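So the structure is just underneath, and the comments pick up after that.
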Ligand code: GLN
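See below:
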């Protein structure tokens, strides 16, 4: 099983390392054609305006929408969550506009630009170590969205079908259980798609 990491900007190598801990192969994705080789895609943290601009420039907006429409799983972390959201608070236009959530950028305030904590994630047994860096949070979710983590009354992890998002950076710790959760989503989708082909 191969999982791609969009490699336009941001924390790419760390995600590849975490993916490989799950036993899947991690592939940095720099060109749209490479999406055909992978079963799932991670959109990393970084700066969402920059990632959005580069996605437009290299044709990734349509290509990733197609990828998602095929039911293939996508995991957006931090800036990756912002680019997946249908709505960005404050009226800034969205990027991929795939997931039925509204996100607020840099939502934790200056005094808490970055911090770490342990969080309960629905579907994972023990708390997960989470690193927040100028993190966004989810203000609003549509009816099809499953909230996986609430931290101080704010939603920071959620899933809608094939789409998974986290406000924090799961790739910056040794704890790869959120990557395992995503790899399990990718594996399950792959199996269903293979059965449908038989
Ligand atoms: N603050 C960044 C943005 O709005 C996201 C930060 C991150 O990915 N660590 O795009």
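In UniProt numbering, the protein residues as written are 1 to 198. Where is the CB? At the ideal position from N, CA and C, for every residue including glycine. Keep in mind it's a predicted model, so treat the numbers as computed, not measured.
Short check: CB of residue i to CB of residue j, under 8 Å?
i           : j           : result
residue 147 : residue 177 : no
residue 24  : residue 183 : yes
residue 100 : residue 122 : no
residue 73  : residue 189 : yes
residue 32  : residue 4   : no
residue 179 : residue 53  : no
residue 163 : residue 84  : yes
residue 156 : residue 168 : yes
residue 71  : residue 193 : yes
residue 114 : residue 138 : no
So with Cβ pairs under 8 Å, would you call residue i a contact of chain B?
i           : result
residue 178 : The chain labelled as chain B is not found in the depicted structure, where only one protein chain is given.
Going along the chain, which residues of its own chain have a beta-carbon closer than 8 Å to the beta-carbon of residue i, five neighbours each way excluded?
i           : result
residue 202 : Given that the chain is displayed from residue 1 to residue 198, the structure contains no residue 202 and the question cannot be resolved.
Is DSSP giving residue i helix, strand or coil here?
i           : result
residue 174 : coil
residue 74  : strand
residue 129 : strand
residue 146 : strand
residue 85  : strand
residue 25  : strand
residue 11  : coil
So, under 8 Å CB-CB, residue i and residue j are touching, yes? Tell me the CB distance rounded to an integer number of Å.
i           : j           : result
residue 135 : residue 108 : 6 Å
residue 48  : residue 171 : That pair is no contact at about 17 Å.
residue 40  : residue 186 : 4 Å
CB-CB under 7 Å to residue i, same chain, minus the five flanking residues each way: which ones, in chain order?
i           : result
residue 173 : 129 and 131
residue 10  : 44, 45, 46, 51 and 79
Counting only the same chain and skipping the five closest in sequence on each side, list residues whose C-beta sits under 6 Å from that of residue i.
i          : result
residue 61 : 55
Using 8 Å as the cut-off, can you tell me whether the region 97 to 115 makes contact with the region 7 to 17, which would need three or more C-beta pairs spanning the two stretches below that distance? no
Any 3 or more C-beta pairs closer than 8 Å across the region 37 to 48 and the region 69 to 81: yes
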